[in-house]
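At position 66 of the sequence shown (counting the first as 1) the number is 66 in UniProt numbering, and the numbers step up by one without a gap. Backbone N, C-alpha and C fix where the C-beta goes; we use that ideal spot for every residue, glycine too. A quick note: this is a predicted structure, and the numbers were derived from the prediction, not measured. Structure first, commentary second.
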Amino acid sequence: MNPNAVFIAIVSFGVANYTLRSGGGFLHPSLDFSPGVQPLLECGTVVLLAAVTVSSTLFSGTHFAGFALPAGVLAGGMASWFKVPLNLSVLLVASTTALLRAAGLP
């Protein structure tokens with residue numbers, strides 16, 4: 001892979017990210033949604049995040065990711081439910097998944 005192309009792609013994505021973020025701040029006063037649309041937008045955000053979480057937990061590419069990864073994510077979800085600090089939660093997810101894979105669980 002060409003290192004210049006990778007660098008250009010990283011810079012492009014960074015510029016696009018900050019452009020979108022600043023655009024939201026500039027456009028917010030001019031956008032006016034009806035009161036009925038506000039809850040739909042909030043629910044849409046939650047549904048989108050849940051769909052990304054489920055698809056990246058259960059699938060690796062086009063194949064099933066195995067049972068160790070969903071078990072690790074479940075352990076992380078339980079840790080966040082009990083308000084475990086983020087760094088410990090990430091360690092819990094990684095160690096749970098690694099131990100299950102070392103034990104032979106796909």
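DSSP beta-bridge partners of residue 63 | According to DSSP, residue 63 bridges with 60.
Euclidean distance between Cα positions of residue 25 and residue 19 = CA-to-CA, the gap between residue 25 and residue 19 works out to about 10 Å.
Measure the alpha-carbon distance for residue 86 versus residue 56 and round it to whole angstroms.
-> Looking at the two C-alpha atoms, the distance is approximately 19 Å.
Measuring CB to CB, does residue 76 end up less than 8 Å from residue 88?
-> The answer is no: Cβ separation not under 8 Å.
Taking just the CA atoms, how far does residue 58 sit from residue 69?
-> Distance between the alpha carbons of residue 69 and residue 58 is about 7 Å.
Between residue 99 and residue 67, is the Cβ-Cβ spacing less than 8 Å?
-> No, they are not a contact pair.
What are the boundary residues of the alpha helix (DSSP H) that includes residue 30?
-> Going by DSSP, residue 30 is part of no alpha helix (DSSP H) at all; its letter is neither H nor E.
According to the Cβ coordinates, are residue 72 and residue 53 closer than 8 Å?
-> Cβ distance not < 8 Å, so residue 72 and residue 53 don't count as in contact.
Quick one, are the C-beta atoms of residue 33 and residue 41 less than 8 Å apart?
-> In contact: residue 33 and residue 41 (Cβ atoms closer than 8 Å).
Where residue 51 and residue 43 are concerned, what is the direct C-alpha to C-alpha distance, given to the nearest angstrom?
-> Their backbone Cα atoms lie some 12 Å apart in a straight line.
Straight-line Cα distance separating residue 39 from residue 48 | A straight line joining the alpha-carbon of residue 48 with that of residue 39 spans about 14 Å.
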